[in-house]
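Below: the structure, in structure tokens.
Numbering (our numbering), first residue to last: 3 to 90.
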């Protein structure tokens, strides 16, 4: 990330900790309101174990991002399958 910063690359941090080192380097921060393992005393509480809420927030955020990109780029699930890697 530091190399990117030195080359004026725009950095977006998607985080639950905007004050983190990465957050401080970012030009744009998407602040996910979810508990983290570092901030156990957070005002944000969840009955889910550990950082499950954080992971779910990330999944929903990226699903929405991909859906928006699909709309903008005129892609469908079918058209993307040909470029999808299979790591199984």
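All C-beta atoms, glycine included, are put in the ideal place defined by N, C-alpha and C.
By DSSP, does residue i sit in helix, in strand, or in coil?
| i | result |
| --- | --- |
| residue 33 | strand |
| residue 5 | helix |
| residue 16 | strand |
| residue 85 | coil |
| residue 22 | coil |
Distance check for residue j and residue i, CA to CA, integer angstroms please.
| i | j | result |
| --- | --- | --- |
| residue 23 | residue 12 | 16 angstroms |
| residue 10 | residue 30 | 13 angstroms |
| residue 85 | residue 43 | 43 angstroms |
| residue 19 | residue 8 | 23 angstroms |
| residue 70 | residue 53 | 26 angstroms |
| residue 32 | residue 68 | 15 angstroms |
| residue 76 | residue 82 | 11 angstroms |
Under 8 angstroms by Cβ, that's how I've got residue i and residue j pegged, so tell me the actual separation to the nearest angstrom.
| i | j | result |
| --- | --- | --- |
| residue 25 | residue 17 | 6 angstroms |
| residue 66 | residue 36 | About 15 angstroms separates the two Cβ atoms, so there is no contact after all. |
| residue 63 | residue 27 | Actually they do not touch by this definition, with Cβ atoms about 20 angstroms apart. |
Using a Cβ-Cβ cutoff of less than 7 angstroms, which residues in the same chain neighbour residue i once the five nearest sequence positions on both sides are dropped?
| i | result |
| --- | --- |
| residue 74 | none |
### Query
Enumerated in chain order, which unbroken segments of the alpha helix (DSSP H) with a length of 4 residues or greater are wholly contained in the segment 45 to 76?
Unbroken alpha helix (DSSP H) stretches of 4 residues or longer found wholly inside the segment 45 to 76: 54 to 75, given in chain order.
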